[in-house]
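Chemist:
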Ligand SMILES: Cc1cc2nc3c(=O)[nH]c(=O)nc-3n(C[C@H](O)[C@H](O)[C@H](O)COP(=O)(O)OP(=O)(O)OC[C@H]3O[C@@H](n4cnc5c(N)ncnc54)[C@H](O)[C@@H]3O)c2cc1C
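In full-length UniProt numbering, the protein residues as written are 1 to 423.
(1) So residue 442 and residue 257 are supposed to be a Cβ contact under 8 angstroms. How far apart are they, rounded?
(2) From the DSSP secondary-structure annotation, give me the bridge partner or partners of residue 110.
(3) For residue 229, which of helix, strand or coil comes out of DSSP?
(4) Report buried or exposed for residue 171, applying the criterion of at least 16 other Cβ atoms within 10 angstroms of its Cβ.
(5) At what residue ranges does the segment 279–349 contain a whole run of the beta strand (DSSP E), taking only runs of 3 or more?
(6) Can the beta-carbon of residue 296 be found closer than 7 angstroms to that of residue 317?
(7) What I want to know is whether the C-beta of residue 453 ends up closer than 6 angstroms to one or more non-hydrogen atoms of ligand 1.
(8) For residue 9, collect the residues of the same chain with a Cβ closer than 7 angstroms to its Cβ; drop the 5 residues on either side in sequence, then sort them by chain order.
(9) Can you tell me whether DSSP reads residue 31 as helix, strand or coil?
(10) At a cut-off of 6 angstroms, would you count residue 393 as near ligand 2, judging by its Cβ distance to the nearest heavy atom?
(11) Excluding sequence positions up to five away, which residues of its chain have a Cβ less than 6 angstroms from the Cβ of residue 18?
(12) Drop a sphere of 10 angstroms on the beta-carbon of residue 307, count the other beta-carbons inside from all chains shown, and report buried for 16 or more, exposed for fewer.
(13) Give the secondary structure of residue 58 by DSSP, where H, G and I count as helix, E and B as strand, and everything else as coil.
(14) Helix, strand or coil, according to DSSP, for residue 128 in the structure here?
(15) Comparing the CB of residue 20 with every heavy atom of ligand 1, is any distance shorter than 6 angstroms?
(16) Any heavy atom of ligand 1 within a distance shorter than 6 angstroms of the CB on residue 324?
(17) From residue 68 to residue 298, what distance separates their C-alpha atoms?
(18) Who are the Cβ neighbours of residue 7 in its own chain at under 7 angstroms, not counting the five residues just before and after it?
(19) Using only the alpha-carbon positions, how far apart do residue 411 and residue 250 sit?
(20) Leaving out five residues before and five after residue 54 in sequence, what residues of the same chain have Cβ atoms less than 6 angstroms from its Cβ?
(21) Is residue 273 helix, strand or coil by DSSP?
(22) If I measure Cβ to Cβ from residue 133 and keep anything under 7 angstroms in the same chain, skipping five residues before and after, which residues do I get?
(23) How is residue 417 classed by DSSP in three states: helix, strand or coil?
(24) When you measure from the CB of residue 295 to every non-hydrogen atom of ligand 1, does any distance come out below 6 angstroms?
Here is the structure:
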């Protein structure tokens, strides 16, 4: 128990960030009553990215996908004045404060980065207000309805899931999916899993082109270009939602005709803000050059030893692909708060105000435990192909599908997200 005033800033209000906040609020009840928690999130509301595929075809579902943060800090029915929500985009990080777009500064004793990934080619994941997001969905839905033939470029879990939803909803449309690799889905999933998805999509009438890399009209399609997420910017950037007969070429020289090409490749971790944080050793960058994710230690602290008080959790960190699930993001956030608690118990936040050496020394003494990725990893993977079909990798999940129909996968965890935000 301590009455020290401790500032904790959490950036990113999705599975990882919101879970961290719940855990921290619990800590403030039991041991640290003067914990001041701030959530910094670029959106005005929680956006249910996990269900973005369903939102694409189902307007009713899309309307549930924006959940306000207004109930997040409720403590016994009353909003706790020690905690606050700041709607802003994190721009820069320094050793003890962050700067948000527009120049505001927030000082911290501990920082939890939970900024996840965004899909450059699906700007709906970058929308900043519910209104903007609805508008983007509406544009996408109208384009899908108008097009008679649709090409999905990229057959990772998002591409395959999206293709399944559209194929089920519009069985008369000509649908093609092209993938650079020789099998569908991410490389960490088994060949049998990929084969099953392939067979099911073929049965739904989808043409599958494996080993074909589609050449984009504009290479910029993969890069975000600007952080502006206004509707104007979206309209300007998203030429791919314009429906018109087009012929795309692949690197093998073959041609694919369609009215609408939907690019699902190109997910990118949100880490631009790290550039201003001084590195201990320039040979060990914060971000893994291959994956673009933040290098973390087994305790989920930044790999750079200079910042034991900065954690990175969820999709944004360098844990393996088998950890890039909502369930893992939740587990990681819980773990990071446990480590943070050990640092608080060691008075790290108190010492950092006196001398860096003392702080680091105190951080080294704290008993932090490694996060056991393999023990907690997601064991069941479900890729839904519309409301009525799915591919799963475990007998248990197969049994559930058989017994319950495909109800579970179809919700895409929206019920859990509502609960998490106290709705
Ligand atoms: C289509 C799809 C289906 C999926 N299905 C499943 C499933 O069935 N089961 C499962 O377990 N997982 C599933 N996943 C994976 C799951 O959605 C992710 O693992 C999870 O969302 C990761 O959560 P996160 O909190 O780490 O990051 P994210 O959900 O990506 O959230 C990051 C948050 O940070 C905010 N942010 C980003 N940058 C900044 C900044 N600079 N300043 C302020 N805020 C910022 C964003 O606005 C966002 O709110 C699916 C993912 C997709 C895309």
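Using N, Cα and C, we set each Cβ at its ideal position, and we do this for glycine too.
Modeler: The relevant details are as follows:
(1) Nothing in the structure corresponds to residue 442, since the chain is present only between 1 and 423.
(2) Residue mapping note: residue 110 aligns to position 110 of the chain shown, counting from 1. Per DSSP, the beta-bridge partners of residue 110 are 8.
(3) Against the chain shown, residue 229 aligns to sequence position 229. Confidence is the limiting factor: at residue 229 the pLDDT is only 37, short of 50, which leaves the residue's position unreliable, though a coordinate-based value still follows. In the structure shown, residue 229 adopts coil according to DSSP, grouped into three states.
(4) The residue you call residue 171 lines up with position 171 of the chain shown. Exposed is the call here.
(5) The qualifying runs are 310–312.
(6) Your numbering for residue 296 matches position 296 in the chain shown. Your numbering for residue 317 matches position 317 in the chain shown. Contact annotation: residue 296 and residue 317 have beta-carbon atoms nearer than 7 angstroms.
(7) No information on residue 453 is available, as it lies outside the stretch 1 to 423 that the chain covers here.
(8) Residue 9 sits at position 9 when you count from the first residue of the chain shown. Excluding positions up to five away in sequence, the list reads 38, 40, 98, 106, 108 and 111.
(9) In the chain shown, residue 31 corresponds to position 31, counting from 1. In the structure shown, residue 31 adopts coil according to DSSP, grouped into three states.
(10) Although ligand 2 was asked about, the structure shown includes only ligand 1 as ligands.
(11) Indexing the chain shown from 1 puts residue 18 at position 18. Only 420 meet the Cβ criterion.
(12) The residue you call residue 307 lines up with position 307 of the chain shown. Note on residue 307: 16 or more other CB atoms within 10 angstroms of its CB, so buried under the neighbour-count rule.
(13) Taking the chain shown and counting its residues from 1, the one referred to as residue 58 is at position 58. Coil.
(14) Residue 128 sits at position 128 when you count from the first residue of the chain shown. Annotated three-state conformation of residue 128 is coil, per DSSP.
(15) Here residue 20 corresponds to residue number 20 of the chain shown, with the count starting at 1. No - ligand 1 has no heavy atom lying nearer than 6 angstroms to the Cβ of residue 20.
(16) Indexing the chain shown from 1 puts residue 324 at position 324. Yes, the beta carbon of residue 324 sits closer than 6 angstroms to at least one heavy atom of ligand 1.
(17) By 1-based counting over the chain shown, the position of residue 68 is 68. By 1-based counting over the chain shown, the position of residue 298 is 298. Just so you know, the alpha carbons of residue 68 and residue 298 end up roughly 33 angstroms apart.
(18) Here residue 7 corresponds to residue number 7 of the chain shown, with the count starting at 1. Counting only Cβ-Cβ distances below 7 angstroms, and skipping sequence neighbours, we find 36, 107, 108 and 109.
(19) One-based indexing of the chain shown puts residue 411 at position 411. One-based indexing of the chain shown puts residue 250 at position 250. So the two alpha carbons sit approximately 35 angstroms from each other.
(20) If you number the chain shown from 1, residue 54 lands on position 54. Around residue 54, the same chain offers 61 and 412 as residues with beta carbons nearer than 6 angstroms, after the five sequence neighbours per side are excluded.
(21) Within the chain shown, residue 273 is the residue found at index 273, counting from 1. The answer is helix: DSSP assigns residue 273 an H, G or I state.
(22) As a working mapping, residue 133 is identified with position 133 in the chain shown. Short of 7 angstroms from the beta carbon of residue 133, and not among the five residues preceding or following it, lie these beta carbons of its own chain, in chain order: 47, 66, 124 and 127.
(23) Working through the chain shown from its first residue, we reach residue 417 at position 417. Looking at residue 417 - three-state DSSP - the assignment turns out to be helix.
(24) In the chain shown, counting from the first residue as 1, residue 295 sits at position 295. The answer is no for residue 295.
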